[in-house]
Each structure stands twice: as C-alpha cells, then as structure tokens.
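**Student:** Okay, handing you the structure first.
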Amino acid sequence: MSARGDIAFYAGAGIVALIAAAGLISFLWTPHDPLAIDIPNQLSEPSLSHWLGTDALGRDVLSMLMAGARISIIVAGLAIAVAICIGAPLGVLAAAFLGAADEALMRINDVLFAIPAIIVAILIAAAFGPGAYAVIIAIGVFNIPVFARLARSVALPLWQAGFSKAALLSGKSRMRVAFQHILPNVAPLLAVQATIQFSLAVLAEAGLSYIGLGVQPPQPSWGRLLAENQTLAASAPWLAVAPGFTVFLFVLGLNIMSDGLMKRIESPLRGAPT
Amino acid sequence: MTARLAMNDLRLNIDGHEILKGVDLTLSPGAITGLVGRSGSGKSLTAYSAMNLLPRRARASGEILFDKRNLLALDDRDMSALRGRRLSMIFQEPMSALNPLQPIDRQVAEVLRIHTGMDSAAALDAAYNQLERVGLDPERVPAGRRPDQLSGGQRQRVIIAMATIMKPDVILADEPTTALDSVTQADVLALLKKLVKKDGAAMLLISHDLGAVASIADDIAIMKDGRIVDAAPTSALPRLSGSDTLADLIGPTRHQNDNAAPSPDETAGPVLAVRDLDCHYYAPPQTLFGAPKTTHAVRGVSFSVNRGECLAIVGESGSGKSTLARALVGLDHGWTGRIEFHDDAINKDDSKAWRRVRRSMQLVFQDPFTSFNPRWSVRDIVAEPLHLLETAITAGDRVDRVSAALSEVGLDPDCAARRPGAFSGGQRQRIAIARALIVRPELLILDEATSALDIAARNRVIDILCELKRAYDMALIVITHDLSVARAMADRIAVMQAGQFVETGSAQTVLSAPQHAYTKRLADASRVIELAFDKLRANLV
Numbered sequence: 001m002s003a004r005g006d007i008a009f010y011a012g013a014g015i016v017a018l019i020a021a022a023g024l025i026s027f028l029w030t031p032h033d034p035l036a037i038d039i040p041n042q043l044s045e046p047s048l049s050h051w052l053g054t055d056a057l058g059r060d061v062l063s064m065l066m067a068g069a070r071i072s073i074i075v076a077g078l079a080i081a082v083a084i085c086i087g088a089p090l091g092v093l094a095a096a097f098l099g100a101a102d103e104a105l106m107r108i109n110d111v112l113f114a115i116p117a118i119i120v121a122i123l124i125a126a127a128f129g130p131g132a133y134a135v136i137i138a139i140g141v142f143n144i145p146v147f148a149r150l151a152r153s154v155a156l157p158l159w160q161a162g163f164s165k166a167a168l169l170s171g172k173s174r175m176r177v178a179f180q181h182i183l184p185n186v187a188p189l190l191a192v193q194a195t196i197q198f199s200l201a202v203l204a205e206a207g208l209s210y211i212g213l214g215v216q217p218p219q220p221s222w223g224r225l226l227a228e229n230q231t232l233a234a235s236a237p238w239l240a241v242a243p244g245f246t247v248f249l250f251v252l253g254l255n256i257m258s259d260g261l262m263k264r265i266e267s268p269l270r271g272a273p274t
Numbered sequence: 275m276t277a278r279l280a281m282n283d284l285r286l287n288i289d290g291h292e293i294l295k296g297v298d299l300t301l302s303p304g305a306i307t308g309l310v311g312r313s314g315s316g317k318s319l320t321a322y323s324a325m326n327l328l329p330r331r332a333r334a335s336g337e338i339l340f341d342k343r344n345l346l347a348l349d350d351r352d353m354s355a356l357r358g359r360r361l362s363m364i365f366q367e368p369m370s371a372l373n374p375l376q377p378i379d380r381q382v383a384e385v386l387r388i389h390t391g392m393d394s395a396a397a398l399d400a401a402y403n404q405l406e407r408v409g410l411d412p413e414r415v416p417a418g419r420r421p422d423q424l425s426g427g428q429r430q431r432v433i434i435a436m437a438t439i440m441k442p443d444v445i446l447a448d449e450p451t452t453a454l455d456s457v458t459q460a461d462v463l464a465l466l467k468k469l470v471k472k473d474g475a476a477m478l479l480i481s482h483d484l485g486a487v488a489s490i491a492d493d494i495a496i497m498k499d500g501r502i503v504d505a506a507p508t509s510a511l512p513r514l515s516g517s518d519t520l521a522d523l524i525g526p527t528r529h530q531n532d533n534a535a536p537s538p539d540e541t542a543g544p545v546l547a548v549r550d551l552d553c554h555y556y557a558p559p560q561t562l563f564g565a566p567k568t569t570h571a572v573r574g575v576s577f578s579v580n581r582g583e584c585l586a587i588v589g590e591s592g593s594g595k596s597t598l599a600r601a602l603v604g605l606d607h608g609w610t611g612r613i614e615f616h617d618d619a620i621n622k623d624d625s626k627a628w629r630r631v632r633r634s635m636q637l638v639f640q641d642p643f644t645s646f647n648p649r650w651s652v653r654d655i656v657a658e659p660l661h662l663l664e665t666a667i668t669a670g671d672r673v674d675r676v677s678a679a680l681s682e683v684g685l686d687p688d689c690a691a692r693r694p695g696a697f698s699g700g701q702r703q704r705i706a707i708a709r710a711l712i713v714r715p716e717l718l719i720l721d722e723a724t725s726a727l728d729i730a731a732r733n734r735v736i737d738i739l740c741e742l743k744r745a746y747d748m749a750l751i752v753i754t755h756d757l758s759v760a761r762a763m764a765d766r767i768a769v770m771q772a773g774q775f776v777e778t779g780s781a782q783t784v785l786s787a788p789q790h791a792y793t794k795r796l797a798d799a800s801r802v803i804e805l806a807f808d809k810l811r812a813n814l815v
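Just so you know, the sequences run in chain order A and B.
Its first residue numbered 1, the first sequence is counted upward by one per residue in our numbering.
Its first residue numbered 275, the second sequence is counted upward by one per residue in our numbering.
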C-alpha cells in the first residue's frame, strides 16, 4: 500500500526479472557456447570477447552463468511449487478440521521438518543417481512443513471471521469453505513466504550441487560453477566471484521483493497483524 | 475562563489529502468537552495531534497552545516530558493498551516511577490508592490480577487509573466507552465525570455516540469532514436546530415502536421453540496437568418466537447471548436440551436436517468488517446462501434475486459488482441483511447487528428490519446489550444474566416496570443516556 513498499517491490522484482531474463535468453543465445571447450584460451581474464573471463577449460563464464541461471531458477521454482501445492492444502485442511486430523497432519509435518534436506538428497541420489530431480524433491520435501504451518496459522483466525461462519450457514461443507473462502485469503501471505523460500532454495540448490548431489557436469548451474572454481580462487578470482555475486544479487532481489509484497497485502481481518 | 489547551486553525495533511481543515477548540479546566462526529470525520486525529502521535506522513499546521507553548513545534524529547505527566490519553480498546503479562498494580505504579522517580514500594502504595479511587475495590478485584482476569469495564478503569494518576492538566479520551456494554458504559462515564470535577483536569471526550457525550459533557463540539461545524454548551445545543450534522447524528426516526402487544398468528404455532437449552464448552486447563474445565455459558433457557414477532434477548457481554445464537443456528454443537423448528425437534448431529432448517433461519453477525470475504463481489456475497436451495437456479434468476434483496435493504442494485471494502459500516450491515434475506427466511437472528454502527446508521438498519418483519411476517430474534435497540424493535424482551433468563415479558412490561434487580440496573444505565439524547431530539425540529 505504501509508496515505500511499492518502490521495494519494483526494485526487487526488477533485479529478479533481469537475472531470469538472462536465463531465458540463454535458451536462444549466449555470447559463446557454454559447453565449448577452448583450451588455448583457458583462464583468460575478463576482456571484451569474454566479459567475465574463461575457466580452466576455456569455457566462457558469462555464458555458463546465463545457462546456469535457468537450471538454478527452474530447480528452485519447481521445488517451491511442489512444497506449496502439497503444504498449503495440508495446512488449510488441518485448520478446517482441527482435532485428530490436525494433530496427525501437523505431527507428520514435524517429522518432515526434522529431516535435513541434505540427507534426503543423499538418499535419493544414492537410490536413483544424482541429478536435478533429486535436488527438487529434497528441497521440496523440506519446504512442505514451512507452507503447511504458515497456511494453518493464517487460516485459524479466518475461521472465526463472520464470512466463514456465514458460508457454513449457507450449507457449505467445511471442505468447501476451506477452499472457497479460506485458501484465497491465505494465498497472499503464502506468496510472500514463497519468495523468501525461493531465495533459500536457490542457495540450497547451489549448496547441493556444490557437493555433487545436484545437476551433473557438463550441465552448468550456479552451485557447480562455485564448486569447480573455488580451487582457482587465488589465481583467477573472477571465476568464483562471478557466480557467487550472481547468487547474492538474485537472493537479495527476491528478499527486497518479498518485503515490498508484504507491505502491499491487506489483511482480511481488520487489525490483524500481517 | 482561561483555556488549558487551545487549538487554533489546526490543519492536518496526509499525502496531499487535507484531513483537518482548520479546527478551533478550547478545553477548560474542570470541564468536559465532547467531540462528536461520524466515523472518519477527523475526531481521533484531532486528539492525536495534541499528543503529537501522528502518522509519520502527516503534516500539521496551525497551533495547539498548552502552557504558553505550541505543542506542534515541540520536539519529541520535550513532548515526552509532557505526555503521561501533563497530557494523558484514554483509548477505546483497553486490552491492547495494557501489558497482558503484568499485574495491574505494577502497571499503574510504573507510570509513577517513570514520571517521578519514586521508589517501587511507594509507587505500589500509591497505585493501590489510585485503583481504589477508580472503583476497583481491592476486596473484589485484587490488585495483583493480570488484565486477562478482568472484565472490559474493569480494564478500562485500570487505563483510567494510569491516565489520571499524575493528575494531568489535559485528558484526551478517544471513544473510552464504545467497547463496553450499556451498564458498564454508564458507570465509566460517571467515573470520568467525577475525576474531572475533583482534579480539575480539562477533558476532551471523543465519541460517535451523542447520547453518551451529552450525558456528561459540559460543552459539545460537532465535527464533520475535518471541521467543527457546531459548538455550544450541552444545554444550548438543541437550539442549533439549523445544523444538518446534528440531525444526521441523531438520525432519522421514521420508525416508532409503540411496543403494543403484537398480534402474531399464534394458531400457527411458534416458528422456533427452545426448551431447557444448556450450552457448555471446555476451557483449557489452568495448570499444566490440570483437567479441562467445563463452562456452562447458557443454562436452562426456554423460549419461543412466533411469526411476525420480534424477541429481544438483552444482556451484558459475557452473559451467554452469542453462545445461544450460535447454538440456535447450529454453529455450535455443545448443547443439550431441545430446539424445535415448527414443532420438529432438531437432531443436532443430522447435517441434512440443519440444511433444511437453515433455509428458513439465518443469522446476521456483529462485526460488519469481517463478515464478508474481502475478495468477493457483493453479488457473490449476497447470493451465497442460495447454495441452500435444493434445485440450482439460473444465472439470470440469481442476479434478479440479488438485485431484489439489495433493493429491499435500500441499496442500489448497481453496486453489486463492487467489493465490500467500498462500503461504510452501516451499508455493510445492510448487505449482511440482504444476504440473510435472499433465502426468504422465516426467522432472522441478529447478533449485536447494530452495535458497531453510529446512531444514524443504526436507526436506518432498525427501520429496514422492522419494515421487512412486517412485509414478510418474519420472526426476529434480536440479541443486544443495548436496551434502546430492544425498545425500538422488540415485542417481547428476555433479559439474560450469567447464562439464564432472569426476566421475560412483553417489551412494555419489562421496560416500564422491570422486576429483576439486573433489569433495573440495565434500565437505569440506559435511561441516563437516553434522557440526554431524547432531550436533544425533542428540542430539535
């Protein structure tokens, strides 16, 4: 609502859109082929033809960053989508029926929350081999309880509001009211949380790929670029700085955006904290 | 007469909107100045300007003179030295102004310790005296209680104790009694008057309730759209009959309830009959391993309503009225006893039976701001109960029915595409009534449906309800803490206290010759305010 919230939202969304656009463009065009090995040109410093230099195999860092953006964003986005699609309905249903159903759902959530994402990723990688899907599932599972808990706690006071009681008096079942009235009013807060979790998921993807559980070579991702180039940090610092700074910028953009988004949300309950 | 605080040409601008457009107001020692106006007229911001507690983007100009200084020009440090010590404020919602974790005596003592540097033992002693002074007898209300262990009226007394312990020169009270029921309201107003007269403070009493203000204020200023449009001593106010705003606040009074015995069609049998209804709920245990406590909110209540009849259930907050309403419509199942709808006992666990009953029985809620899904259009909101119909209706039929329902409550059917956020409290409550009416119920239950509204809006809603009752021979159950609402609408009145009906009878009998002690208190409390109000109304026009 406030002007300051609007500025924050657009500034953050601008940064995110810029990096996402670079990822999209990489489908059609990159300055060089991100996978093309060019040994004579290895470890060249940033120049006009290679804006961010080349790595130990002579591959163009900017091109790899652009191509890596799409992997990182798609993996993180899918993981968060999985988490919302499962977590939000669970939380809304728990708030709708309370009692035993609520207890059961929320205790399962507690168990899920207690399992570190890295263990899940290792298990999946061990069973099916490492790859993007292992990272998606691992990050997604880890985020389900985040959205379930948020959805439940936002939904609970909404059941006390007149509109949900009026809907019950109109002969609608609790299930129907939960999805027709409660979920749409929970959604804005879920969107804010999603941007925060998205930024955490980008970091998690980078982390899991860094230890070799994520996308496999030669597919570039931000985490893999960091992992491969850290040993050369002394001789060719731009190699590690470029992906590190990109991750930093993207996460910063998402966080500013969620901050602005938060300020734009109007609570359906007067006076309730948002 | 020297003014304690004088506002001269106070203007307030927020984001380019002029909220206050030149307010002139003086507060005199030992006097109460009432500031009355509809919501949104700028009353509260006038008070916040004097305390320098304005929203960050607000720009104030003009001057507020206090002790030869312009408060608007003071910096925060100088202002802090005045706030609480020489200027104090009483808010509408006492619970949010108190620390829920601290005993009340310590909260009162803290004010002293901050402003005087008194040691804590002496401050606590003074706090005990102060609590006694505002009517919190240590025998009945131990000073070590926390705010959640007090009633709304007692909490407001604690706030008043905190606001007056420094004997401030100016007290700004922003809707101090709006959240209270009528008995408590009368007591708190009397306490404010006593304190002002004794301590010689100058009080600004802000309210939308002209009757409440007129009952204790020495002067009344009427505010509209950021301006004071009328100001006069309370006794002289009715002479300002040219004031549209005053007429607006008193409201139209087309409907006159003669309280005559109704002629409901008793041969048809009652629409709803309740026998020995007991409602209970489980309170969480007080200690970690304690057993949950069963609380009986309603005990052994029996009554019936006929077609074309209005039954008012009157009682203070916490008397079990709303629990009763929820049980009647089937939102709560924690009851025993019998509820008969047209002589058929309702089996509370049979959801199909409830569905049938709800088609003829609808409820209107108290809070007009949370009773609609803010994302839905008015059309979808009003049409929602059509879900109860057995056969689906066509889209065109649906639109027609919504338009008809909106016209019946005096709203333009063209507004159906808008969201509820675009409507005022009174209009929202009419939308809520339209929603209830769309299934043509035989019985409409109104749970404090008018208590969040200002007087003009309230009277309009009461008029509409009485007309609808007559037009459709509908039965009404009006649940309220406000005896004047009961007087305006009811054919019969049931008085509820601590979960039981203590007195039932025709409206005329209960109002003119109350039997039970509680009914007498209730009648006395509203009489003070109504007398002040009636005097204004009689002299006007």
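Heads up, the beta-carbon is just placed ideally off N, CA and C, and yes, glycines get one too.
On a predicted model such as this, the values are computed, not experimentally measured, just so you know.
#1: On the DSSP bridge list, what partners appear for residue 644(B)?
#2: Of the residues 374(B), 377(B), 389(B), which one's Cα is nearest the Cα of residue 359(B)?
#3: Whether or not the segment 152-169 of chain A and the segment 34-50 of chain A are in contact is what I'm after, with contact meaning three or more pairs of Cβ atoms, one per stretch, closer than 8 angstroms; do they touch?
#4: Using a C-beta to C-beta distance shorter than 7 angstroms, which residues of chain B count as neighbours of residue 162(A)?
#5: Tell me the DSSP secondary structure of residue 286(B) in three-state form.
#6: List the residues of chain A that residue 603(B) touches, going by C-beta distances under 7 angstroms, in chain order.
#7: What number of angstroms, rounded off, separates the C-alpha of residue 201(A) from the C-alpha of residue 158(A)?
#8: Quick check: the segment 732-750 of chain B against the segment 651-660 of chain B, are at least 3 beta-carbon pairs closer than 8 angstroms?
#9: Can you check which of these residues, 682(B), 439(B), 588(B), 671(B), is closest to residue 763(B) by C-alpha distance?
#10: 7 angstroms is my cut-off, CB to CB: does residue 450(B) come that close to chain A?
#11: Quick one, are the C-beta atoms of residue 301(B) and residue 469(B) less than 7 angstroms apart?
#12: Pick out the complete beta strand (DSSP E) segments inside the segment 297-360 of chain B, 3 residues or longer, and give them in chain order.
#13: By DSSP's criteria, residue 548(B) is part of a beta bridge. Which residues make up the other side?
#14: I need the straight-line Cα distance from residue 105(A) to residue 290(B), nearest angstrom please.
#15: Listed from N- to C-terminal order along the chain, which residues in the segment 687-720 of chain B have their beta-carbon within a distance smaller than 7 angstroms of any beta-carbon of chain A?
#16: Hey, which unbroken runs of the alpha helix (DSSP H) at 4 residues or more fall wholly within the segment 783-814 of chain B?
#17: If you draw a straight line from the alpha carbon of residue 294(B) to that of residue 590(B), how long is it in whole angstroms?
#18: Decide yes or no for the touch test of the segment 50-66 of chain A against the segment 16-26 of chain A: beta carbon pairs closer than 8 angstroms, at least 3 of them.
#19: Checking contacts by CB at 7 angstroms: is residue 805(B) closer than that to chain A?
#20: Between the segment 644-673 of chain B and chain A, which residues of the former have a C-beta closer than 7 angstroms to a C-beta of the latter?
#21: If you follow the beta strand (DSSP E) that residue 712(B) is in, where does it begin and where does it stop?
#22: Count the other CB atoms, across all protein chains shown, that sit within 10 Å of the CB of residue 93(A); report buried if there are 16 or more and exposed otherwise.
#23: Thinking just about the alpha-carbon of each residue, which of 261(A), 182(A), 137(A), 192(A) is nearest to the one in residue 204(A)?
#24: Helix or strand or just coil, what does DSSP make of residue 265(A)?
#25: Comparing the C-beta of residue 181(A) with each C-beta of chain B, is any distance below 7 angstroms?
#26: Does the Cβ of residue 18(A) have 16 or more other Cβ atoms within 10 Å, making it buried, or fewer, making it exposed?
#27: Output, in sequence order along the chain, the residues in the segment 291-318 of chain B whose CB is closer than 8 angstroms to any CB in chain A.
#28: Smallest Cα separation from residue 420(B): which of 434(B), 438(B), 374(B), 446(B)?
#29: Touch check for the segment 607-618 of chain B and the segment 446-453 of chain B: three-plus C-beta pairs under 8 angstroms?
#30: Tell me where the alpha helix (DSSP H) around residue 369(B) begins and ends.
#31: Residues of chain A with a CB under 7 angstroms from the CB of residue 816(B): which are they?
#32: Output the boundary residues of the beta strand (DSSP E) element that contains residue 164(A).
#33: Taking C-beta pairs closer than 9 angstroms, name the residues in chain B that residue 263(A) reaches, listed in chain order.
#34: As a quick exercise: from 377(B), 346(B), 473(B), pick the residue whose alpha carbon is nearest that of residue 407(B).
#35: Based on Cα-Cα distance, which residue from 635(B), 568(B), 401(B) lies nearest to residue 608(B)?
#36: What residues of chain A sit near residue 636(B), judged by a beta carbon separation below 8 angstroms?
**Tutor:** By the coordinates alone:
#1: The sequence position of residue 644(B) within the second sequence is 370, counting from 1. According to DSSP, residue 644(B) bridges with nothing at all.
#2: Working through the second sequence from its first residue, we reach residue 359(B) at position 85. Its Cα nearest to that of residue 359(B), the residue 389(B) stands out among 374(B), 377(B), 389(B).
#3: The segment 34-50 of chain A vs the segment 152-169 of chain A: no contact.
#4: Numbered from 1 along the first sequence, position 162 holds the residue referred to as residue 162(A). Under the 7 angstroms cutoff, chain B gives 639, 641, 644, 645.
#5: Along the second sequence, read from residue 1 onward, the residue named residue 286(B) stands at position 12. Note: residue 286(B) maps to strand in three-state DSSP.
#6: Taking the second sequence and counting its residues from 1, the one referred to as residue 603(B) is at position 329. Ordered by position in chain A, the residues that pass the 7 angstroms Cβ test against residue 603(B) are 169.
#7: Position 201 of the first sequence, counted from the start, is the residue given in the question as residue 201(A). Position 158 of the first sequence, counted from the start, is the residue given in the question as residue 158(A). Rounded to the nearest whole angstrom, the CA to CA distance from residue 201(A) to residue 158(A) is 29 angstroms.
#8: Result no; under three Cβ-Cβ pairs closer than 8 angstroms.
#9: Counting from 1 along the second sequence, the entry for residue 763(B) is found at position 489. From the listed residues 682(B), 439(B), 588(B), 671(B), the smallest Cα separation to residue 763(B) is found for 588(B).
#10: Your numbering for residue 450(B) matches position 176 in the second sequence. No, its Cβ sits nowhere closer than 7 angstroms to a Cβ of chain A.
#11: To locate residue 301(B), count along the second sequence from 1; it is residue 27. To locate residue 469(B), count along the second sequence from 1; it is residue 195. When the beta-carbon positions are compared, residue 301(B) and residue 469(B) stay at least 7 angstroms from each other.
#12: If we require 3 residues or more, the beta strand (DSSP E) runs fully inside the segment 297-360 of chain B come out as 306-310, 332-340.
#13: The residue given as residue 548(B) occupies position 274 in the second sequence. In DSSP, residue 548(B) forms a bridge with 577(B), 613(B).
#14: Here the question's residue 105(A) lines up with position 105 in the first sequence. Here the question's residue 290(B) lines up with position 16 in the second sequence. Straight-line spacing of the CA atoms in residue 105(A) and residue 290(B) works out to 50 angstroms.
#15: Residues passing the 7 angstroms Cβ filter: 709.
#16: The alpha helix (DSSP H) runs of length 4 or more contained entirely in the segment 783-814 of chain B are, from start to end of the chain, 791-813.
#17: As a first step, residue 294(B) is located in the second sequence; it is residue number 20 there, counting from the start. As a first step, residue 590(B) is located in the second sequence; it is residue number 316 there, counting from the start. Going from the Cα of residue 294(B) to the Cα of residue 590(B) covers about 37 angstroms.
#18: Contact holds between the segment 50-66 of chain A and the segment 16-26 of chain A, because three or more Cβ pairs, one in each stretch, are under 8 angstroms apart.
#19: Residue numbering aside, residue 805(B) sits at position 531 when the second sequence is read from its first letter. Contacts with chain A at 7 angstroms (Cβ-Cβ) do not include residue 805(B).
#20: Within the segment 644-673 of chain B, the qualifying residues are 644, 645, 646, 647, 648, 649, 658, 659, 661, 662.
#21: Taking the first residue of the second sequence as position 1, residue 712(B) is located at position 438. In this chain, residue 712(B) is not harboured by any beta strand (DSSP E), its DSSP state being neither H nor E.
#22: Taking the first residue of the first sequence as position 1, residue 93(A) is located at position 93. Counting C-beta atoms within 10 angstroms of its own C-beta, residue 93(A) has 16 or more neighbours from the protein chains shown and is therefore classed as buried.
#23: For the purposes of this step, residue 204(A) is identified with residue 204 of the first sequence, where counting begins at 1. Ranking 261(A), 182(A), 137(A), 192(A) by Cα distance to residue 204(A) puts 137(A) first.
#24: Within the first sequence, residue 265(A) is the residue found at index 265, counting from 1. The answer is coil: DSSP assigns residue 265(A) none of H, G, I, E or B.
#25: The residue labelled residue 181(A) in the question sits at position 181 within the first sequence. It does; some Cβ of chain B falls within 7 angstroms.
#26: On the first sequence, position 18 is the one that residue 18(A) refers to. That one is exposed.
#27: Within the segment 291-318 of chain B, contact with chain A at the beta-carbon level (separation under 8 angstroms) is assigned to no residue.
#28: Walking along the second sequence from the start, residue 420(B) turns up at place 146. Taking only the C-alpha atoms, the option nearest residue 420(B) is 374(B).
#29: Result no; under three Cβ-Cβ pairs closer than 8 angstroms.
#30: Taking the first residue of the second sequence as 1, we reach residue 369(B) at position 95. Segment 368-371, the alpha helix (DSSP H) holding residue 369(B).
#31: Residue 816(B) lies beyond the residue range present for chain B, which begins at 275 and ends at 815; the question has no answer from this structure.
#32: Mapped onto the first sequence, residue 164(A) falls at position 164. Looking at the DSSP string, residue 164(A) is not in any beta strand (DSSP E); the run it does join, the alpha helix (DSSP H), is 162-169.
#33: Residue mapping note: residue 263(A) aligns to position 263 of the first sequence, counting from 1. Under the 9 angstroms cutoff, chain B gives no residues; its nearest Cβ is about 14 angstroms from residue 263(A).
#34: By 1-based counting over the second sequence, the position of residue 407(B) is 133. Its Cα nearest to that of residue 407(B), the residue 473(B) stands out among 377(B), 346(B), 473(B).
#35: By 1-based counting over the second sequence, the position of residue 608(B) is 334. The residue among 635(B), 568(B), 401(B) with its C-alpha nearest the C-alpha of residue 608(B) is 568(B).
#36: Along the second sequence, read from residue 1 onward, the residue named residue 636(B) stands at position 362. Chain A residues near residue 636(B): 169.
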